[in-house]
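Anchor point for the sequence shown: position 16 equals 41 in the working numbering, and the numbering is continuous, going up by one each time.
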Amino acid sequence: MPSVKTVEPPDLFFEDFAAGQELPTVTKGPMMVGHQVRWAGACDNYDSEFHHDEYVAKAQGLPGIILSGPLMASYLVSALAHWLGRNARLLRFSDRNVGSTMPRDMAHLHGRIQKTYEQDGEGVLEIECWIENQRGEITTPGRAVAAVTRRAR
Numbered sequence: 026m027p028s029v030k031t032v033e034p035p036d037l038f039f040e041d042f043a044a045g046q047e048l049p050t051v052t053k054g055p056m057m058v059g060h061q062v063r064w065a066g067a068c069d070n071y072d073s074e075f076h077h078d079e080y081v082a083k084a085q086g087l088p089g090i091i092l093s094g095p096l097m098a099s100y101l102v103s104a105l106a107h108w109l110g111r112n113a114r115l116l117r118f119s120d121r122n123v124g125s126t127m128p129r130d131m132a133h134l135h136g137r138i139q140k141t142y143e144q145d146g147e148g149v150l151e152i153e154c155w156i157e158n159q160r161g162e163i164t165t166p167g168r169a170v171a172a173v174t175r176r177a178r
């Protein structure tokens, strides 16, 4: 059984971020049906059988099992939370599923700071984020807004 590596989020502050800054790419995969099944079990979300049963997926006209959009979004939110560190909190997150993630696909998670500003004494980051597969196709574009603690002066 593989060991699980726990990594603490960095201790970053608002001043550590700048507009245009790329967040480090995180790669997940190859994505497998087991990822979907474990996520469904954790969420008690087994309703859409085409997410874990190839026969059902093909009977519905799909090319095969498709991993769920909320699973992929959860990877993106987790990556954002880790990138921004322990002094940040996500205020808003949205994403769209514009492409499918199939078993054996890779998922490259990206983020870029679009804008930084101060509001009510906190630093605010507007972030563009997305998941790209191994073919360079964006499957899950998203946006986020985070509040980040300012460094003590």
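Using N, Cα and C, we set each Cβ at its ideal position, and we do this for glycine too.
Residue i - containing alpha helix (DSSP H), residue span
| i | result |
| --- | --- |
| residue 34 | Residue 34 -> no alpha helix (DSSP H), and no H or E assigned at all. |
| residue 106 | 94-109 |
Own chain residues within Cβ distance below 8 Å of residue i, not counting five before or after
| i | result |
| --- | --- |
| residue 124 | 158, 162, 163, 164 and 165 |
Inter-residue CB distance, residue i and residue j (contact presumed, cutoff 8 Å)
| i | j | result |
| --- | --- | --- |
| residue 148 | residue 172 | 7 Å |
| residue 111 | residue 55 | Actually they do not touch by this definition, with Cβ atoms about 30 Å apart. |
| residue 29 | residue 104 | Going by Cβ atoms, the distance from residue 29 to residue 104 rounds to 17 Å, so no, they are not a contact pair. |
In DSSP terms, what residue i is bridged to
| i | result |
| --- | --- |
| residue 136 | 48 and 154 |
| residue 115 | 171 |
| residue 143 | 148 |
| residue 166 | 155 |
| residue 53 | 132 |
| residue 120 | 167 |
Neighbourhood of residue i by C-beta distance below 6 Å, restricted to the same chain and skipping five residues each side
| i | result |
| --- | --- |
| residue 49 | none |
| residue 170 | 116, 117 and 151 |
| residue 47 | 137 |
| residue 114 | 172 |
Sequence-distant residues of its chain with Cβ nearer than 7 Å to residue i (five each side left out)
| i | result |
| --- | --- |
| residue 142 | 149 |
Check whether the segment 33-41 touches the segment 89-97, counting contact only when three or more Cβ pairs, one atom from each stretch, lie closer than 8 Å. no
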